[in-house]
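Protein chains in written order, with the working numbering: chain D, 1074 to 1392; chain Z, 1074 to 1392.
All residues carry an ideal CB built from backbone N, CA and C; glycine is no exception.
Number of protein chains: 2
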Amino acid sequence: MKLFEKTGKMAIGSRMRLLTARLAEDVNNIYKLYEIDFSPKWFPVFFALAEEGKQKITEIATYIGHSQPSVTKIVKEMTTAGLCAHFKSSDKRQNTVGLTAKGIALSVQILPQYEDTHAAVETLMAEANHDLWEAIQEWEMLLEKKSLFDRVKEEKRRRESKQIKIIPYQDKYLSDFKSINEQWISTYFEMEEGDYRLLNEPRKYILDKGGKLFVALYKEKVVGVCSLLKIDEHTYEMAKMAVLPEAQGRHIGWLLGKKIVAEALELGATRVILESNTALKAAIKLYEKLGFKKVESPSNSYKRVDIHMELELCTYEDR
Amino acid sequence: MKLFEKTGKMAIGSRMRLLTARLAEDVNNIYKLYEIDFSPKWFPVFFALAEEGKQKITEIATYIGHSQPSVTKIVKEMTTAGLCAHFKSSDKRQNTVGLTAKGIALSVQILPQYEDTHAAVETLMAEANHDLWEAIQEWEMLLEKKSLFDRVKEEKRRRESKQIKIIPYQDKYLSDFKSINEQWISTYFEMEEGDYRLLNEPRKYILDKGGKLFVALYKEKVVGVCSLLKIDEHTYEMAKMAVLPEAQGRHIGWLLGKKIVAEALELGATRVILESNTALKAAIKLYEKLGFKKVESPSNSYKRVDIHMELELCTYEDR
DNA sequence: TATATTTACATAATTAGTTATATAATCAAT
DNA sequence: ATTGATTATATAACTAATTATGTAAATATA
């Protein structure tokens, strides 16, 4: 079995499965060795009942970390074997289960087996340099904090965000620029006169007026756009920032924002302003992360605007 | 899930099973995240084919540590999915399997997923103090040397041999003394005149002539017997040692032998002799362990005897 | 007080493996 | 050349869990 030499740690799940299967088989044989009429899979339920006394099905399930149907099935089998019995409770939905006299007798009879198995595991662990028991416990904790899935998702985004390229606008991106913006605006608000003007003729209304326009590419595909409008010699406005919903979570907004701010600096701006809506919490958070601060202003270019923000470029530091 | 706090390490198998199931679920979601049309259980086979090229079903099974039917099933599914195909070999029994063009393309396409998963596992392990990967590897090795089952069996014997009691013969043990001896003698040889005499009337032919007789008890049950026959003032013979087949492996023979030798010393013996047959290898080994050495002798009490052994008691040391 | 929701459990279907067994091809030994 | 053993694979049946779904009782809500 050379598989794991080649896969490396990414296949730790498969490797654990194999070791688990091997242990399960050994445990099976151990039960046979002690000639006790007992199915290994009953162990967690049996132990829970012996240790904690009568319990409801779902309590047992939580205690042993199985699904509820699994416990139901095991209890059924153990009842047939005469090891446990149903106890009535006032709540007729509940199935309160406890050990019978035979079950209690078995819980004593089985003690030497527990003892021997424990001793065997202890001597095995004494031969090892790495503590498997502690390692498992640690993984349980770490996965509780953040699942392997979430960790992989993060790695994916990290890798993909490295492949995002921010490049200057070209006319071939006109339809992307328009549709990506139209999509988010009409999801939350309504398209207005000013929107149509900028989105239909960005060259005329943005670039020719001394502004800038950038697109974010991922694998040759436009996944985000952002523009910088010239207000006056020292004031620019960040506007029409939009990211494809399916591409979100890859820091594209952040990359676009950084580029826009850098460009403003290049153009000699001392401040960058923006207009937004407080309902767009993720966007506001991004702006704050970029260094923008809320300011009061009477003039709104669009009906949807209810917050103005500003970034002082003299105090701007690269983060 | 408090189970494992109470069970201790004896339930390490159950605990591993739970962690494995959890990882399996996460891995399932990871495959979905990458939107590749691929079943996680195909991974080991797919990886083996991508890494090592065309292989026979059983070769793959060995490589990945699965059963052959498991590989057969997976290959069938992967063939339906167009990822692998059957290649003809001269031996018509063999099913040589390799990746198709689509399979090879996928093996490239899937690389980022491998990379991200590997990175996620690495960062997780960096957060841990105990190395799960190394711990698993170590357990695989240690279990290869001696399985958990064998380890538990050893513990069981060790514990049980502590519960063996060697006590002097009483008349109520007559039938046990006879039957246990009769059983092994007639298994390997034939009962002879001398056997019947000693086994039917041990008090008359052993004890009254200055010999000794002991029985080994395990839980009130006779599991072994051994006698010491007086030959002359300074010479005794160890004879009629027998242990129940189902009780073997608990050092009962050793305990009986030690008792017999100690008793001979007490009686003032300078040597203990015995007669046996070289076919009984385990018995001969035990005698040697007790300190007996092979000697030549012309006189055989039984037809089955083909070896004589002797223990010089002046040189005997307690081991 | 009627109705909707939640809870506790049972049942059915599914999953990813296993062991046991069947079958055909090949090899070895008369 | 025949027979028996071995090998390579396929198929069937089983296992120990899961998820999905159904149902009755209890609780909350209008």
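First and last residue of the uninterrupted beta strand (DSSP E) at residue i
i: HIS1381(Z); result: 1380 to 1385
i: GLU1293(Z); result: GLU1293(Z) -> no beta strand (DSSP E), and no H or E assigned at all.
Same chain only: Cβ atoms within 6 Å of residue i, ignoring 5 sequence neighbours per side
i: VAL1295(Z); result: TYR1246, ASP1249 and VAL1288
i: TRP1257(D); result: ALA1315
i: ILE1333(D); result: CYS1299, LEU1301 and MET1311
i: ALA1134(Z); result: GLN1141 and VAL1144
i: TYR1358(D); result: Strictly speaking, residue 1358(D) in this sequence is Lys, with Tyr absent from that position. Closer than 6 Å at the Cβ level, and outside the excluded window around LYS1358(D), lies no residue.
i: TRP1115(D); result: ILE1147 and MET1151
i: GLU1124(Z); result: none
i: ARG1377(Z); result: PHE1262 and ASN1350
i: GLY1176(Z); result: LEU1156 and CYS1157
Neighbouring residues, chain D, relative to residue i (Cβ below 8 Å)
i: PRO1117(Z); result: LEU1076, ALA1084 and SER1087
i: ALA1178(Z); result: What ALA1178(Z) touches in chain D: nothing, since even the nearest Cβ is about 16 Å away.
i: ALA1068(Z); result: Residue 1068(Z) lies beyond the residue range present for chain Z, which begins at 1074 and ends at 1392; the question has no answer from this structure.
i: LEU1215(Z); result: LEU1197, GLU1200 and ALA1201
i: ARG1158(Z); result: Sequence check: residue 1158(Z) is Ala here, not Arg. The contacting residues do not exist; ALA1158(Z) stays about 22 Å from chain D at best.
i: LEU1106(Z); result: PHE1222, VAL1225, LYS1226 and LYS1229
Within chain D, the residues that residue i reaches when beta carbons sit closer than 7 Å
i: PRO1371(Z); result: Within 7 Å Cβ-Cβ: nothing; PRO1371(Z) doesn't reach chain D, min ~47 Å.
i: GLY1081(Z); result: HIS1191
i: ILE1103(Z); result: PHE1222 and VAL1225
i: PHE1111(Z); result: Within chain D, no residue comes near PHE1111(Z); the closest Cβ sits about 14 Å away, beyond 7 Å.
Where residue i meets chain Z, residues with beta-carbon distance less than 8 Å
i: TRP1212(D); result: LEU1092, LEU1197, ALA1201 and LEU1205
i: LEU1272(D); result: Neighbours of LEU1272(D) on chain Z: none; closest Cβ ~31 Å, over 8 Å.
Close-in-space but distant-in-sequence residues of the same chain around residue i (CB under 7 Å, 5 per side omitted)
i: LYS1127(D); result: PHE1160, THR1169, VAL1170 and GLY1171
i: TYR1104(Z); result: PHE1111 and PRO1113
i: ILE1325(Z); result: ILE1237, ALA1289, VAL1296, GLY1297 and VAL1316
i: LYS1366(Z); result: MET1382 and GLU1383
i: LYS1303(Z); result: LYS1282, GLY1283, GLY1284 and TYR1309
i: ILE1130(Z); result: GLN1141, VAL1144, THR1145, VAL1148, ASN1168 and VAL1170
i: MET1394(D); result: Limits of chain D in this structure are 1074 at one end and 1392 at the other, which puts residue 1394(D) out of reach.
Where residue i falls, given that 16 or more other Cβ within 10 Å makes a residue buried
i: SER1087(D); result: buried
i: ALA1174(Z); result: exposed
i: ASP1305(Z); result: exposed
i: VAL1181(Z); result: exposed
i: GLY1284(Z); result: buried
i: HIS1307(Z); result: exposed
i: ALA1121(Z); result: buried
i: ASP1164(Z); result: exposed
i: ASN1273(D); result: exposed
i: LEU1179(D); result: buried
i: LYS1282(D); result: exposed
i: ASP1099(D); result: buried
i: SER1349(Z); result: buried
i: ILE1109(Z); result: exposed
i: ARG1392(Z); result: Since pLDDT at ARG1392(Z) reaches only 42, below the 50 mark, its modelled position is unreliable, and the value read off the structure follows with that caveat. The residue in question, ARG1392(Z), is exposed, as its Cβ has fewer than 16 Cβ neighbours within 10 Å.
i: LEU1197(D); result: buried
i: MET1083(D); result: buried
Within chain D, partners of residue i - CB distance below 9 Å
i: PRO1185(Z); result: LYS1229, ARG1232 and GLU1233
i: ALA1355(Z); result: Simply none; closest approach about 21 Å.
Chain Z residues whose Cβ lies nearer than 7 Å to that of residue i
i: TYR1136(D); result: MET1074, LYS1075 and LEU1076
i: GLU1124(D); result: LYS1079
i: ASP1099(D); result: SER1220, LEU1221 and PHE1222
i: LEU1096(D); result: GLY1086, MET1089 and LEU1221
i: VAL1194(D); result: LYS1082, MET1083 and ILE1085
i: ALA1121(D); result: LEU1076
Contact set for residue i: own chain, Cβ-Cβ below 8 Å, skip 5 residues either direction
i: GLN1236(Z); result: TYR1291 and LYS1292
Limits of the unbroken alpha helix (DSSP H) element including residue i
i: TYR1136(D); result: 1130 to 1137
i: SER1259(D); result: 1247 to 1261
i: TYR1104(Z); result: 1085 to 1106
i: GLU1233(Z); result: 1221 to 1235
i: HIS1159(D); result: HIS1159(D) -> not in any alpha helix (DSSP H); beta strand (DSSP E) instead, spanning 1157 to 1160.
i: TYR1360(Z); result: 1354 to 1363
i: ILE1209(D); result: 1205 to 1218
Whole-number beta carbon distance between residue j and residue i, since they are thought to touch under 8 Å
i: TYR1261(Z); j: LEU1353(Z); result: 7 Å
i: ASP1189(D); j: LYS1079(Z); result: That pair is no contact at about 18 Å.
i: MET1074(Z); j: TYR1136(D); result: 7 Å
i: ILE1085(Z); j: TRP1206(D); result: 6 Å
i: ALA1208(D); j: HIS1203(Z); result: 4 Å
i: GLY1138(D); j: LEU1076(Z); result: 7 Å
Residues that residue i contacts on chain Z, provided the C-beta gap is smaller than 9 Å
i: ALA1420(D); result: Nothing in the structure corresponds to residue 1420(D), since chain D is present only between 1074 and 1392.
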